[in-house]
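All remarks here apply to the structure that follows.
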Amino acid sequence: MSAASMAGDIVTLEVADHVALVTLNRPPVNALNRAMRDAIIEVFDAVSERDDIRVAVLTGAGKAFCAGADLKDRPDPGKTGAFHAHNRVTRETGNAIRECAKPVIAAVNGAALGAGLGLMAACDIYLAAEDAVFGMPEIDVGLAGGGAMLRTIFGRSTMRMMMYTGWRLTGAELYRRGIIEKATSREDLLPEAMRYAACIADKSPLAINYAKTSANMVDLMPQRDAYRFEQNFTVALSRTEDAKEARTAFVEKRKPVFKGR
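First residue of the sequence shown: 401, per the numbering used here; consecutive thereafter.
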């Protein structure tokens with residue numbers, strides 16, 4: 401597996417067999433500061449553009465996935481414009497993952513708290529260690545927020561419970577509630593995430609790209625408009641070389657060889 405460090409070692413990117421492994425690497429708990437947010441944006445922008453990457457896995461180094469925002473890095477409320485700049489880069493951190501042209505699998509190996517839970521929510525598919533913990537502790541430090549992110553993964557009551565109490569749920573509990581695809585031991589988590597990634601990487605890169613774009617767009621559309629949007633994508637895909645290759649391979653009972661065009 402070839403490795404590349406981007407924006408220092410604070411976020412690492414490794415690529416093999418069309419799968420990118422993105423690791424948050426800011427010990428001890430991978431707390432988010434400005435440098436780490438900038439690095440996440442840089443890495444996922446690169447993932448979007450690179451033709452050798454078809455899918456990404458996001459995980460954390462050590463025992464934590466991401467324990468949230470680094471409180472020592474909070475903007476100075478007395479400095480004009482500081483909070484606006486901070487909030488802008490905070491939004492764009494999640495957007496870089498959510499809008500990544502390639503699917504992103506969250507492999508949550510440990511604590512995913514506050515903004516760290518937001519990183520997971522920005523991904524497409526969720527897997528976690530059984531003992532990983534998830535929560536929104538902002539209320540315990542005199543802050544609030546996260547509802548816009550939480551509502552994408554939790555129901556109304558659970559979202560509000562987490563925001564109001566700061567209570568935490570485990571990976572096993574999230575699996576029981578049908579929120580994540582798999583809850584595994586910590587040792588099995590990354591291999592399982594890579595199994596999902598390998599399956600996606602075997603598909604037509606054009607089809608996967610269209611599917612990711614479609615999934616993001618239909619989230620925002622009324623059902624009638626969303627269905628028409630997807631139908632138009634299907635028409636466009638049916639005219640590609642990859643679609644022809646998929647049909648031919650099916651008839652010939654062989655594995656398709658996709659070229660991304």
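Even glycine gets a Cβ: it sits at the ideal position worked out from N, Cα and C.
How about the stretch 466-473 and the stretch 504-520: do they share at least three Cβ pairs that are nearer than 8 angstroms?
-> yes
If you drop the 5 nearest sequence neighbours on each side, which residues of the same chain put their C-beta closer than 8 angstroms to that of Leu-574?
-> Residue mapping note: residue 574 aligns to position 174 of the sequence shown, counting from 1. The residues are Tyr-526, Ala-528, Phe-534, Ile-580 and Ala-583.
Which first and last residues belong to the beta strand (DSSP E) in which Ile-553 is found?
-> On the sequence shown, residue 553 is found 153 positions in, with the first residue counted as 1. From DSSP, Ile-553 is part of no beta strand (DSSP E); its letter is neither H nor E.
C-alpha gap between Phe-629 and Ser-614, whole angstroms = For the purposes of this step, residue 629 is identified with residue 229 of the sequence shown, where counting begins at 1. For the purposes of this step, residue 614 is identified with residue 214 of the sequence shown, where counting begins at 1. So the two alpha carbons sit approximately 8 angstroms from each other.
How big is the Cα-Cα spacing for Ile-441 and Thr-490?
-> For the purposes of this step, residue 441 is taken as the residue at position 41 of the sequence shown. For the purposes of this step, residue 490 is taken as the residue at position 90 of the sequence shown. If you take the alpha carbons of Ile-441 and Thr-490, they lie about 10 angstroms apart.
In chain order, what residues of the same chain have a beta carbon less than 7 angstroms from the beta carbon of Met-561, not counting five sequence neighbours either side?
-> Here residue 561 is taken as the residue at index 161 of the sequence shown, counted from 1. Result list for Met-561: Trp-567, in chain order.
What does DSSP give as the partner residues of Val-419 in its beta bridges?
-> Locating residue 419 in the sequence shown gives position 19, where the first residue counts as 1. Looking at the DSSP assignment, Val-419 forms a beta bridge with Ala-416 and Val-455.
Is it true that the stretch 596-614 meets the stretch 548-561, where meeting means three or more beta-carbon pairs spaced less than 8 angstroms apart?
-> no
Can you say whether Leu-620 is buried or exposed, counting buried as having 16 or more other CB atoms within 10 angstroms of its CB?
-> To locate residue 620, count along the sequence shown from 1; it is residue 220. So Leu-620 counts as exposed.
Nearest neighbour of Val-668, chosen from Ala-532, Ile-600, Ile-497 and Cys-500 [CA to CA] = This structure cannot speak to residue 668, because the chain is shown only from 401 to 661.
On the three-state DSSP scale, how would you describe Arg-654?
-> As a first step, residue 654 is located in the sequence shown; it is residue number 254 there, counting from the start. Three-state DSSP puts Arg-654 in coil, outside helix and strand.
Inter-residue spacing [alpha-carbon to alpha-carbon] between Ala-446 and Arg-586 = Position 46 of the sequence shown, counted from the first residue, corresponds to residue 446. Position 186 of the sequence shown, counted from the first residue, corresponds to residue 586. Distance between the alpha carbons of Ala-446 and Arg-586 is about 28 angstroms.
Entirely enclosed beta strand (DSSP E) segments - the stretch 498-564, minimum 3 residues = 504-508, 511-513, 525-529 and 533-535
Residue of Gly-494, Gly-510 and Ala-506 minimising C-alpha distance to Gly-546 | Numbered from 1 along the sequence shown, position 146 holds the residue referred to as residue 546. Nearest C-alpha to Gly-546: Gly-494.
Between Glu-499 and Asn-616, which are expected to be in contact by the criterion C-beta below 8 angstroms, what is the C-beta distance as a whole number of angstroms?
-> Numbered from its first residue, the sequence shown carries residue 499 at position 99. Numbered from its first residue, the sequence shown carries residue 616 at position 216. About 7 angstroms separates the two Cβ atoms, so the contact holds.
If you drop the 5 nearest sequence neighbours on each side, which residues of the same chain put their C-beta closer than 6 angstroms to that of Ile-539?
-> Stepping through the sequence shown from its first residue, residue 539 is reached at position 139. Excluding positions up to five away in sequence, the list reads Gly-566.
Neighbour-count burial assignment, Cys-599, 16 or more Cβ in a 10 Å radius | Residue numbering aside, residue 599 sits at position 199 when the sequence shown is read from its first letter. Classification of Cys-599: exposed, given that the 10 Å Cβ count is below 16.
CB-CB under 6 angstroms to Ala-461, same chain, minus the five flanking residues each way: which ones, in chain order?
-> Sequence index remark: in the sequence shown, residue 461 carries index 61 (1-based). Contacts found: Thr-423 and Asn-425.
In three-state terms, what does DSSP make of Lys-582?
-> The residue given as residue 582 occupies position 182 in the sequence shown. Here Lys-582 sits in strand by DSSP.
Out of Asn-433, Asp-451, Asp-438 and Val-443, point me to the one whose CA is closest to Thr-412's CA.
-> Position 12 of the sequence shown, counted from the start, is the residue given in the question as residue 412. Of the candidates Asn-433, Asp-451, Asp-438 and Val-443, the one whose C-alpha sits nearest the C-alpha of Thr-412 is Val-443.
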